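Shown next, in structure tokens, is the structure this report addresses.
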Amino acid sequence: MTAQILSELLAILGPQGLISTPDEMRTYENDALTNFRVMPEAVVLPTSTEQVQAVLRICHRERIPFVARGSGTGLSGGALPVTGGIVVSLARMKRILEVDFENQRMVVEPGVINLDVTARVASRGYFYAPDPSSQSVCSIGGNVAENAGGAHCLKYGFTTTHVLGLEVVLADGTLVHMGSQTLDAPGYDLPGVFVGSEGTLGVATKVTLRIVKRPEFVQTLLAAFASTNEAGAAVSGIIAAGMLPAAIEMMDTLAIEAAEAAVHANYPPCGGLLLVELDGPVAEVATLMEEVAAICRANGTSEIRVSKNDEERMLVWKGRKAAFAAMGRLSPNYIVQDGVIPRTALPAILSEMEQLSAAAGLRVANVFHAGDGNLHPLVLYDRRIEGQEKAAEQLAERILELCIEKGGSITGEHGVGEEKKHMMGKMYAEPDLATMNRLRCAFDPLSLANPTKVFPRPRMCGEQPGEYKPHPIEIAGLAERY
Numbered sequence: 025m026t027a028q029i030l031s032e033l034l035a036i037l038g039p040q041g042l043i044s045t046p047d048e049m050r051t052y053e054n055d056a057l058t059n060f061r062v063m064p065e066a067v068v069l070p071t072s073t074e075q076v077q078a079v080l081r082i083c084h085r086e087r088i089p090f091v092a093r094g095s096g097t098g099l100s101g102g103a104l105p106v107t108g109g110i111v112v113s114l115a116r117m118k119r120i121l122e123v124d125f126e127n128q129r130m131v132v133e134p135g136v137i138n139l140d141v142t143a144r145v146a147s148r149g150y151f152y153a154p155d156p157s158s159q160s161v162c163s164i165g166g167n168v169a170e171n172a173g174g175a176h177c178l179k180y181g182f183t184t185t186h187v188l189g190l191e192v193v194l195a196d197g198t199l200v201h202m203g204s205q206t207l208d209a210p211g212y213d214l215p216g217v218f219v220g221s222e223g224t225l226g227v228a229t230k231v232t233l234r235i236v237k238r239p240e241f242v243q244t245l246l247a248a249f250a251s252t253n254e255a256g257a258a259v260s261g262i263i264a265a266g267m268l269p270a271a272i273e274m275m276d277t278l279a280i281e282a283a284e285a286a287v288h289a290n291y292p293p294c295g296g297l298l299l300v301e302l303d304g305p306v307a308e309v310a311t312l313m314e315e316v317a318a319i320c321r322a323n324g325t326s327e328i329r330v331s332k333n334d335e336e337r338m339l340v341w342k343g344r345k346a347a348f349a350a351m352g353r354l355s356p357n358y359i360v361q362d363g364v365i366p367r368t369a370l371p372a373i374l375s376e377m378e379q380l381s382a383a384a385g386l387r388v389a390n391v392f393h394a395g396d397g398n399l400h401p402l403v404l405y406d407r408r409i410e411g412q413e414k415a416a417e418q419l420a421e422r423i424l425e426l427c428i429e430k431g432g433s434i435t436g437e438h439g440v441g442e443e444k445k446h447m448m449g450k451m452y453a454e455p456d457l458a459t460m461n462r463l464r465c466a467f468d469p470l471s472l473a474n475p476t477k478v479f480p481r482p483r484m485c486g487e488q489p490g491e492y493k494p495h496p497i498e499i500a501g502l503a504e505r506y
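Read in our numbering, the sequence shown has 205 at position 181, and its numbers run on one by one without any break.
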């Protein structure tokens with residue numbers, strides 16, 4: 025990057041808002057998916073919408089690609105820098121701008137931490153429902169980019185359900201507003217388009233969120249089974265009974281072992297552990313909890329525990345939310361996958377995964393949102409052993425192929441990003457991808473916003489199905505993996 029451009033960025037952002045030395049930028053060369061690393065040309069840390077606009081105008085003028093970044097907790101490489109581009113970190117834009125209890129909404133900047141939203145409104149009996157496992161550190165901007173979910177998305181929905189409106193800076197610096205402060209705004213659902221677009225349509229600088237009233241009573245049941253097959257059958261039974269729990273989570277033996285070692289959640293040793301949370305009026309929860317327990321017993325549970333207070337309930341969830349990070353206690357390296365299947369396919373998928381695991385000689389731990397069929401298999405390996413990393417990648421990809429074959433998806437909440445973009449061609453036909461690209465080009469005609477993500481290769485605007493126009497990044501020889 026030229027000294028002139030760096031000088032312009034410095035004038036806009038000040039010395040605290042620009043990072044351009046390699047040692048300082050190393051923090052930003054990857055997100056939580058550490059397999060891929062790219063050093064950006066510069067990192068900018070704006071503190072206002074106006075600064076974001078000014079930065080993107082320079083990028084547009086100079087044809088510099090950019091990647092927006094939140095806390096860097098993403099697991100698909102969505103915040104991986106683009107070679108020759110800059111990173112726009114929104115970490116300093118962390119103000120809660122407005123709280124409106126009467127209309128059950130609040131306005132926040134993208135750098136606000138997920139858990140801080142609930143902390144701000146908890147005293148009035150409200151909470152923010154999307155609760156990814158990284159909620160104590162992940163930012164709202166990142167949640168919007170990936171349409172983050174969490175354990176309680178079964179009942180309350182993903183991020184898109186809770187975003188009413190957005191202030192967005194487009195790739196040319198134009199400021200636009202999408203949605204409104206009401207629940208059902210007229211016109212096209214532009215927030216629905218933007219949420220989950222993985223930073224390819226622009227940069228959100230303000231987000232209007234929906235907050236919900238905390239239920240009267242919340243209770244969690246823990247049930248132990250001999251295997252995940254019996255636990256899965258219990259899940260199907262609960263849903264078939266017409267119940268809609270706040271959350272249904274499942275963990276297998278390896279996941280239980282890791283979580284116990286990390287946080288001592290007092291989980292029983294078993295082949296499949298089911299966590300079922302119910303919320304609502306006290307009498308309703310009590311009645312439904314008896315039904316859940318009966319379904320678990322009918323499917324062979326060996327032990328049932330029901331939380332007696334919030335402390336017990338929080339300890340149960342502490343173990344579940346620590347499961348990903350805790351895998352480091354079992355293996356020096358692991359790949360976290362994120363596929364979706366119909367609930368009825370769960371036993372077959374788990375059985376096939378077990379066979380694939382044995383054939384590859386690698387262990388696979390399972391932690392997942394069983395209620396909505398969102399799997400999170402963790403493929404354990406040691407990159408110090410020659411060939412294991414490649415074998416782990418192949419096994420992880422085969423698991424995603426199984427999800428597609430069963431009528432599911434390659435991602436439920438982590439996004440496509442860098443890691444799974446080559447899988448998009450296995451899930452969608454070329455005309456489908458071309459249609460997606462036309463939508464993307466309506467927002468960003470020069471393909472500057474996170475240009476190397478989501479699609480199997482960078483795409484130019486104006487391409488027709490089956491046509492190939494080399495992207496400037498490819499022409500310059502900067503792309504590393506397509």
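Glycine residues also receive a C-beta, built at the ideal position from the N, C-alpha and C atoms. Owing to the predicted nature of the structure, the values given are computational and were not obtained by experimental measurement.
Put simply, of Arg81, Thr206, Thr244 the residue whose alpha carbon is nearest the alpha carbon of Ile235 is Thr206. If you ignore the 5 residues before and after Arg422, its C-beta comes within less than 7 Å of the C-beta of Leu380, all in its own chain and listed in chain order. Cβ contact annotation for Ser331 (same chain, cutoff 7 Å, sequence separation greater than five): Gln243, Thr244, Arg337, Val340, in chain order. The C-alpha of Glu301 lies about 12 Å from the C-alpha of Asp334. A check of alpha carbon separations from Thr224 across Ser355, Ala103, His446, Ala415 identifies Ala103 as the nearest. Within the region 126–162, the runs of beta strand (DSSP E) at least 3 residues long that lie entirely inside it are, in chain order, 129–132.
Ser355 and Glu122 have their C-alpha atoms spaced approximately 44 Å apart. Apart from sequence neighbours up to five positions away, the residues of its chain that approach Ile497 with a beta-carbon distance below 8 Å are Pro89, Val106, Thr107, Gly108, Pro475, Thr476, Pro482, Ala503, ordered along the chain. Residue pairing by DSSP places Phe241 opposite Gly304 in a beta bridge. The closest CA to that of Ala258, considering only Val287, Glu222, Leu299, Lys237, is found on Leu299. With at least 16 other beta carbons inside 10 angstroms of its own, Tyr180 counts as buried. In its chain, beyond the 5 residues on either side, Gly98, Leu99, Ser100, Glu170, Val360, Asp362 have a beta carbon closer than 8 Å to the beta carbon of His438. For Arg87, no alpha helix (DSSP H) encloses it, and the DSSP letter there is neither H nor E. Distance from the CA atom of Val440 to the CA atom of Glu315, rounded to whole angstroms, is 38 Å. Note: Thr185 is not bridge-paired with any residue in the DSSP secondary-structure output.
Sequence-distant Cβ neighbours of Lys493 in its own chain, meaning closer than 6 Å and more than five residues away, are Met484, Glu487.
In the three-state DSSP reduction, Phe249 falls in the strand class (E or B). Counting along the chain, Tyr180 sits inside the alpha helix (DSSP H) bounded by residues 177–180. Assigned with DSSP and collapsed to three states, Pro401 falls in strand.
Here Ala389 is bridged, per DSSP, to Leu402. Bridge partners of His201 according to DSSP: Glu191. Under the three-state reduction of DSSP, Ile365 is assigned to coil, being neither helix nor strand. Across the structure, Glu32 and Gln77 are spaced so that their CA atoms are roughly 13 Å apart. By the neighbour-count definition (other C-beta atoms within 10 Å, threshold 16), Asn323 is a buried residue. When C-alpha distances from Asn54 are compared across Ala35, Leu69, Ser147, Ala92, the shortest belongs to Ala92.
Of Ala265, Pro46, Arg61, Ile82, the smallest CA-CA separation from Leu34 is found for Ile82.
Rounded to whole angstroms, the gap between the alpha carbons of Gln28 and Asp196 is 19 Å.
Rounded to whole angstroms, Thr58 and Ala318 show a C-alpha spacing of 44 Å.
Per DSSP, reduced to three states, the secondary structure at Asp213 is coil, with no helix or strand assignment.
Beta-carbon to beta-carbon, Ala248 and Leu199 are separated by about 54 Å, too far to satisfy the 8 Å threshold. For Arg329, the enclosing beta strand (DSSP E) has its first and last residue at 327–330.
Between Leu37 and Arg116, the alpha-carbon positions lie close to 12 Å from each other.
In the DSSP secondary-structure assignment, Val111 is bridged to Val67, Val91. In this structure Ser375 is exposed. Its beta-carbon is surrounded by fewer than 16 other beta-carbon atoms within 10 angstroms.
Looking only at Gly395, Met274, Val364, Pro305, the smallest Cα-Cα distance to Arg344 is reached by Met274. By alpha-carbon distance to Gly431, the top candidate from Arg408, Gly397, Gly352 is Gly397.
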